[in-house]
Amino acid sequence: TRMISFTAGLAAVLALSACTDDGQTNTGSSASTSAQADSALSTAAINCAPAPAIPTDVPTFRATQAPPATAPDLATVRMVTNCGAITIELNGAAAPQSVASFLLLGEGDFWTDSPCHRLVDGGIHVLQCGDPTGTGRGGSGQNLNAEFSKEPHVRGTLSMARSNDPNSADSQFFIVFAR
Numbered sequence: 029t030r031m032i033s034f035t036a037g038l039a040a041v042l043a044l045s046a047c048t049d050d051g052q053t054n055t056g057s058s059a060s061t062s063a064q065a066d067s068a069l070s071t072a073a074i075n076c077a078p079a080p081a082i083p084t085d086v087p088t089f090r091a092t093q094a095p096p097a098t099a100p101d102l103a104t105v106r107m108v109t110n111c112g113a114i115t116i117e118l119n120g121a122a123a124p125q126s127v128a129s130f131l132l133l134g135e136g137d138f139w140t141d142s143p144c145h146r147l148v149d150g151g152i153h154v155l156q157c158g159d160p161t162g163t164g165r166g167g168s169g170q171n172l173n174a175e176f177s178k179e180p181h182v183r184g185t186l187s188m189a190r191s192n193d194p195n196s197a198d199s200q201f202f203i204v205f206a207r
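In the numbering used here, the protein residues as written are 29 to 207.
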């Protein structure tokens with residue numbers, strides 16, 4: 029299990045939206061088959077520590093840090109948030125670029141102290157994270173090629189967020205917290 033420090037404001041359970049800046053909903057590539065709070069997914073109230081301030085020194089990503097071309101078929105990471113730890117199983121067989129990128133960014137502390145910037149609890153139920161600027165417009169600049177999965181986006185699924193361009197997945201991701 030790899031540790032990823034992600035002290036973010038997780039207001040509800042877990043989730044991210046695949047929304048563009050203009051609010052349109054998009055489908056992300058499915059990088060994970062499951063994500064769950066270590067104490068179990070629940071819509072019950074969660075006691076969270078105060079979220080940290082958005083970093084003023086936003087991390088950057090250099091081209092020399094490009095993720096490897098392949099990823100393990102299955103990788104387990106533990107994301108630490110201000111609301112507790114989340115264990116995530118990443119499906120590298122279904123989304124090798126997305127998983128390799130997720131591991132590289134997490135192990136490089138790209139998301140440390142970054143907020144979850146969008147909670148959607150109507151129609152779709154997701155919380156979007158992964159932008160260290162907290163605006164929903166930031167990222168690492170990778171622009172990964174599309175890796176679409178036929179797996180449904182059910183509760184607990186983690187996927188990479190993208191814009192209308194299918195090859196625009198980057199550091200932002202979402203976790204579905206209800207169906």
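Think of the CB as a built atom: it goes at the ideal place given N, C-alpha and C, for glycine as much as any other residue.
Per DSSP, the unbroken beta strand (DSSP E) holding Gln156 starts and ends at 152-157. Rounded to the nearest whole angstrom, the CA to CA distance from Val86 to Asp198 is 15 Å.
C-alpha of Thr185 to C-alpha of Phe202: approximately 8 Å in a straight line. Our two residues, Asn195 and Lys178, have alpha carbons roughly 17 Å apart in a direct line. In the three-state scheme derived from DSSP, where H, G and I count as helix and E and B as strand, Gly112 is classed as strand.
Note on geometry: alpha-carbon atoms of Asn171 and Cys76 lie some 32 Å from one another.
With distances taken between CA atoms, Pro100 lies nearest to Leu131 out of Leu131, Met107, Ala81, Arg165. Per the coordinates, the alpha-carbon of Val108 lies some 6 Å from the alpha-carbon of Ile114. Looking at the backbone, the Cα of Gly164 and that of Ile82 are separated by about 13 Å.
Between Gly162 and Pro143, the C-beta gap is smaller than 8 Å, which places the two residues in contact. Collapsing the DSSP output to three states places Val127 in a helix. Here Leu155 is buried. Its C-beta has 16 or more other C-beta atoms within 10 Å. Per DSSP, the beta bridge partners of Phe201 are Cys157, Met188. The Cβ atoms of Trp139 and Leu133 sit closer than 8 Å to each other.
Distance between Phe205 and Thr84, taken at the CA atoms: about 29 Å.
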